[in-house]
Structures are given as C-alpha cells and as structure tokens.
Amino acid sequence: MKKNIDPVCGMDGKDDIKAEYNGKTYYFCAQGCKDQFLKNPLKYTR
Amino acid sequence: MPTDPVCGMFVPDSTDLVYEKDGEKYYFCSTTCLETFKSPEVEISKLRLKIIVAWSLSIPVLLITYLTGYFALKDYLLFALATPVQIYSGRGFYYGAWNSIKQRTSNMDLLVALGTTTAYLFSIAVTFAKPSFIPAGSVYFDASSFIITLILTGTYVETLTKARANSAATKLLSIIPSTVHILREDGTMADEGTEFLKKGDRVVVKPGENMPADGTVSSGSSEVDESMITGEQMPVLKKTGDSVTSGTLNLNGALTVLVEKAGSDSTVRKIYSLIQMAASGRTKVQKAADTFAVWFVPVVLSAAIASSLFWFIYLVYSGSTLSSFVPVLVFVSVVVIACPCAIGLAGPITLLISSNVSFSNGMVIKNPNALDRLSKVSRVILDKTGTLTERNPVVEEVIPLSGFTLEDVMSYSSALEAFSNHPIGNAINAYTTSHGIETPDADNVVETAGVGITGTVSGKSIEIIRSEEAGGSNVMVKVDGRAAGTIRLNYVLRADAVELVKSLKDAGIKVSMITGDKKEEADRLAEMIGITDVHSDTHPEDKADIVSEYQKSGDYVLYVGDGINDSIALETADVGMAMGGGSDIAMASGDIILLNDDLMNIRSALIIGNMTIRKIRQNIGWAIGYNSVLIPVAAGILVPLTGLGIYSFLPILSALAMGFSSTSVVLNSLLLRGNIAGKLKTKITSSGNITVSGNRLVH
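Read top to bottom, the protein sequences are chains A and B.
Counting from 0, one number per residue, gives the positions in the first sequence under numbering that gives the first Met the number 0.
Counting from 0, one number per residue, gives the positions in the second sequence under numbering that gives the first Met the number 0.
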C-alpha cells in the first residue's frame, strides 16, 4: 500500500498532482498545495 | 490515501463509506466509525447499552468458569451467557471486519472479530460436539466475552476523552445561535433557523445574543464582546458601517446586521474547519507510524498463525494433550493483544488537542506540517510596523506655527476628525480628550481618502492634510489657507515586545527585526527592545530575500508580520505567522494566524509546536514499543519461564492490555493540554518581572 503525504498540508497526496524537486517526486492533495510548494520548495523539503 | 477521522486508520478513497459535511468529504474504515462521526451522541448511548449487557453477562461467565467445579450443564450455561455478548455487544466488530475485507484493508475490528470468534467457535465445538481429543471443560467463553467487554469499554473511554480533546472547537460552534431574527423588507421580523441565513439578509441581534454570521452593522450601536474570537477582553463599540464577526456577543444595544458571510463561509465555521483540518493532516514525524500501520495487520496475522502452528507442532511432537487447544489460545492472544489503533491514534488525537489548545490561546494553526517546522525554529524575524508596534498611531508632538497655539491646532483638527474613523483621526481625538482640549462644532466636513479632511469651524475654513512617512505620519493643519501647525504621529511599541525578545533569547532563539525605517531610527528602537540584528531601509519586496538568506545559512526561520505587505516573506519563511488575522482567516497568508495582538503568543506557538511534536513522538514510540514487546509475549516467548498455564488467562490479559494501550495514548495526549498550560504559565511568571521604565515606549 503506497501513501504519499502532501508536504504542504500533510494530507494525502494524489498520484496525478505531482512535482519534481531535487530529483524527488512530491505528491499533492490539490493544485493549490502544488502551487504553494513550487513557490518555495525548500520550506517543505528540508 | 485518506484517513478515517474517527479512528485515524488509512482508508482507500474507493470506499463507499463516505460522508460529506460542509463541503468536505470524509472517508471511514467501518460503519461504526461513520455512524459515530454522523451522530456521536446516538452512538455513545448505543455503545453504553452494549457495554452494560457485556459486563452483566461477562462477570457471571468469569465467576462460573473459575469458581465452580465441572458440572453437567456448565458449558451450556456459559454458552447461553456468552452468546448475547458475542452477537449483540460484539456485532460492531463484525461490521467493521466485513468492511475492511471488502476494501481489502485491515483494521482493529478484523483482529478483534477474528480473535473472539476463534475462541467462541472453538468453545461451541467443545460444548456441542465434545470431541474426544479435547479434554472436557476446555471452553473459552470467558475469553471471547471478556475481550469484547474490555475492548468496548476502552472504546467508550476513548470516545469520551476524544470529545474532551475537541472541546474548544465544539464550544466555538455552539456560540452560533440556532435561530435568528430576520428583518423582512416590509419591516416585520421573523425567527428562522440559522442554517437558512444567506448573504444579503438583514438580521436583528438583540443584547445578550451572539452574531449568527459575519456582516456589517446597518443600524444601531452597541458594545460587542469579541473575546471568543480574538481573546481581547475589552468590549468594542460597534456602530453603523462597522463590521461584526460571527460568534461575538452583543452586549447592550440592538443591532441590525447586513449578512455578508453565513454558514460555512462565516469566520467561526472557518476557524472550526481549520482546527479539524489540522488534526486530519499528518506531520513528518508520523512517517514511522504510517509505515508501521500499513504492514501491521498482515504481519500480526502471520505472527499469530506462525506462533500457533509452532505450538501445535511442538506439543504434538512432545505428545501433549494441550496440542488440541493451546494453539487456539495462542492465536487468540496474539490477534487480540496487537493494537493498531494506538498507532493510528498517536498523531491525530495529539494534533486535535494541539489545535484546540492553540485556538484557546488565540492562534489558528493552518496545517500540522507547520508544527514540525515550528519545533525546529532557530531564528525569529519580527516585522516592525504592526507587529512590534501597535496597529494605530498616537500623537507624538504638536508643532504650532506663529500666531497659533497648540490648543488652536488641536481643537480645529479634532473638530473635523470627530467625523472621521481614520486611525490618524482617532489618534488626534484621543489626544484632545486626554489633554482636556475642547472640540468645537464643525460644518461642511468632507473627507477625501488618501488626502485629508476639510470643513468649517467657527466660520473659519480648516484643512487637514495627512501624509504617511516611513515610521510615522505627519499632519499639516491649515486655517483659512494659512499653515497653522504640524502634528507628528508615531507608532507605539507594544508593551510586551521587550518581554517577548527576552523570552526568545532565553530559549536560545536568535531574533532579528525588519523595518522600512531609516537605520538610525531602527537601531534606536531595536536597542530599546534588545534586538541587535536589524535590517533597516527595507522595501517590502526585499523581506522575502532576507528570510531566504537566513535559511541558506542554516536557520529555520519564523517570520512574524501583519500580513499586509509581507505576504511573500510569510510564505517563504519556514513558519509564517500573521498578526491579527482579521475576518478572512482561511485566506490570510502564513501558516499560523494570531487572532489577537498578544505578542507573547509567538513564544507560546513555539512552545506548542515543540511539545506537540514531542508528544506525537512519545505516542508513536509507546504504540510501536507496546506492540513489539507484547506480541512476542502473546506468542509464547515467556512460556519457558511461566509454563503453558499462562494461556489460561492470557487471552483476557491481552484484551486488557490492548484496551489500555489505545486508552493510554489518548490519555497521554490529553496531558498535552495541561503540559502546555503549565509551560506557558511558567514562561509568563518567570518573565513577568520585566517592566518598561517611564511611560509608554514611543520611538
């Protein structure tokens, strides 16, 4: 069972809403969280 | 994959156990969890009845099993007593188990149903078929019925304590009245349910009633207690044109309010949703628990079957008659002692308490990941205006020009500003009131936004020109076209700024200040409050770059601003904290919204973040440790020391341990409220001796 936690809000990420950062794929619950992530990926990944 | 909001288990989003509330979809592992979510009171009373039946039958089962010798009808009597417990009290476990099988997942219900059914069916077989290879009287109705009784009791305690954990949020919702007085177009009033209220309606809010929605006062004036939303104890005067927030209490006059945001759009409902959302997300520290939870039930079932097989083979080889029933008891003990719910509950229940405690202290944490980052913060950057200083200016100096006195300048200005609600106007009026300067009547008053205000006082034409400058404001007063004087206004440093900086430094956190003020001015203020790292002459767009620089040098940054011209900095920082969230809380920038202007909440937020993350770690450690230690015990690792006799009571002990495990996670989480309250109190007491000498600090 695979789970991807949305790094922005902590909810469960969806397979089709994703972004690459530093060679790693991150999944998001909604487009809003993805946009938020892309504005400042460092905040959510370190 | 979504999580069940009741038990915290993972649920595939393909499940048909979905419930939509306030536009949010919730997914459930079982109908029991779904029903509990939909109508908790009904479920609690049903649960109570099941527990009464279970205890009143299980105790006789236990007494008859252990206190009487073997008699002819003993097994039949035990069967008769244990069956209602299995079928009536225990039926919820079967529903839950069936749902989990349908969804191809696994939950606690599956383990309990498997464990108790095994003991129950085995005992039925012994009672009715009487196989010759099993010794007479080897029935385990006591295990099947007591496991159900103890686990149901544990669930009951857990439900009650969870309701307590959410008490601040529940209390918040309860302040919205259930009916409202709608003012119809023909001027008549009718009482209607609050749920029908919509934008554009006019409602009458009588003294002693709470605002049913957010809106604007269209007539009347009254003092309003906003403490339930902002924590501010002083009532605020509301008159025509002022905005009111849902949930606040109208104290002493009837108000007619034009509704702007009702139902799920209202501030109260948005805060409630944010508190609940904070509990349904997951923090980074929960990763270990998540991995554990996914593999938990399959691993436990395999362990139960493997240990049961081991004992069967071992006992058959050693020629023991125990081989016919000990393996069954091993299986029952292992599946019952395993407690997936302790792992599932470890994070959500703590987050729920944390978000409730935060709200009680005037903070709304918009997502749980912010707590993770909050616990790592090493530097706090404070924006000066609106954060370290009060939101509204005060008169600092009045400079009359030749031919005019200070009283002339102030009384003319105050006469016009009495018609205005501008912060500068309020500051001028406050000055004349406190200095006993008379305010004459004015006519033909016209206020032009961004410019100033004009009018006639005692036949003279008065003109007030407002100009904003970095760090303060200047007002030029003209009488009949001739300059009469200048009023200098400035922002007052908040009384608790010094205390905040000291408490942050005491906690080993570095503090910086950002301001658009000139260097000299910024340094003077910074020195006054004990900050040495100062960024002056800063444009709003540079603030985010300064935050990034600190992050690159390894700092975890908490940025505190007013959210007006620093939204990018708030988003860039590891944790963005916006002061005075205003009415649109969900839209406000930042991870944490401070509902009031209490600066010490910055320190409180850091304490809450640290303690919440520590508590989640503690709970996860406990849940994983509990299962890792006790599953081997149930599988028989202690048999070389205790002998196989341990299995005559191990199934019941397993149920007791399992109930204790999940309840202890809930109770440990509940302690968080007291722990945080204690820590916050200590902080306030220990730093309470700092006083600002002289009058208010004006820079």
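Glycine included, every Cβ here is placed at the ideal spot set by N, Cα and C.
Would you list the one or two residues that DSSP bridges to residue i?
i         : result
ARG183(B) : For ARG183(B), which the question treats as bridged, DSSP gives no partner whatsoever.
ILE486(B) : VAL397(B), VAL474(B)
LYS23(A)  : TYR20(A)
LEU171(B) : None; LEU171(B) has no bridge partner.
ALA577(B) : GLY560(B), ILE592(B)
ILE513(B) : ASP382(B), HIS534(B)
ASP213(B) : LYS260(B)
PRO392(B) : TYR490(B)
ASP442(B) : THR455(B)
ASP11(A)  : ILE4(A)
Do residue j and residue i come within 9 Å of each other at the CB atom, strictly closer than that value?
i         : j         : result
LEU370(B) : GLY608(B) : yes
GLN102(B) : VAL10(B)  : yes
THR14(B)  : GLY95(B)  : no
VAL296(B) : LEU149(B) : no
SER217(B) : GLY246(B) : no
GLY262(B) : LEU182(B) : no
ASP522(B) : SER535(B) : yes
GLY89(B)  : THR115(B) : yes
PHE140(B) : ALA118(B) : yes
VAL456(B) : ALA482(B) : no
ALA341(B) : ASN674(B) : no
VAL223(B) : PRO211(B) : no
SER377(B) : TYR558(B) : no
GLY192(B) : ASN249(B) : no
If we ignore side chains and look at the alpha-carbon of each, how far apart do residue i and residue j end up?
i         : j         : result
LEU37(A)  : ILE398(B) : 52 Å
LYS614(B) : TRP621(B) : 10 Å
TYR25(A)  : ALA287(B) : 18 Å
ALA494(B) : LYS383(B) : 14 Å
PHE291(B) : ILE348(B) : 18 Å
ILE436(B) : GLY219(B) : 29 Å
LEU605(B) : PRO339(B) : 31 Å
THR431(B) : LYS551(B) : 50 Å
MET276(B) : LYS269(B) : 10 Å
THR154(B) : ASP516(B) : 59 Å
PHE92(B)  : ASN106(B) : 10 Å
PRO40(A)  : ALA53(B)  : 54 Å
LEU699(B) : PHE309(B) : With chain B running from 0 to 698 in the structure shown, residue 699(B) is simply not present.
TYR646(B) : TYR316(B) : 19 Å
VAL60(B)  : LYS73(B)  : 10 Å
VAL491(B) : GLU389(B) : 6 Å
Looking at the secondary structure, which residues open and close the alpha helix (DSSP H) in which residue i lies?
i         : result
MET107(B) : 107 to 128
GLU540(B) : First-last for GLU540(B): undefined, no H or E at that position.
LEU66(B)  : 39 to 66
ASN368(B) : 368 to 373
LYS504(B) : 496 to 505
LEU350(B) : 347 to 359
LEU643(B) : It is not in any alpha helix (DSSP H) - LEU643(B) carries neither H nor E in the DSSP assignment.
SER566(B) : 566 to 571
VAL327(B) : 325 to 336
GLU437(B) : It is not in any alpha helix (DSSP H) - GLU437(B) carries neither H nor E in the DSSP assignment.
Residue i CB to nearest chain B CB: under 9 Å?
i        : result
VAL7(A)  : yes
LEU37(A) : no
TYR43(A) : yes
ILE16(A) : no
Say whether chain A places a C-beta atom closer than 9 Å to the C-beta of residue i.
i         : result
ARG616(B) : no
MET276(B) : yes
GLN102(B) : no
PRO367(B) : yes
GLU570(B) : yes
ARG372(B) : yes
ARG281(B) : yes
ASP573(B) : yes
GLN85(B)  : no
ASP522(B) : no
LYS509(B) : no
LYS286(B) : yes
ASP289(B) : yes
Identify the continuous beta strand (DSSP E) that holds residue i and give its terminal residues.
i         : result
MET362(B) : 362 to 364
GLY192(B) : 188 to 192
ARG706(B) : Examination of residue 706(B) is not possible in this model, given that chain B is present from 0 through 698 alone.
Distance cutoff 9 Å, beta carbons only. Does residue i sit that close to anything in chain D?
i         : result
GLU462(B) : Considering every chain present, this structure includes no chain D. Its protein chains are A and B.
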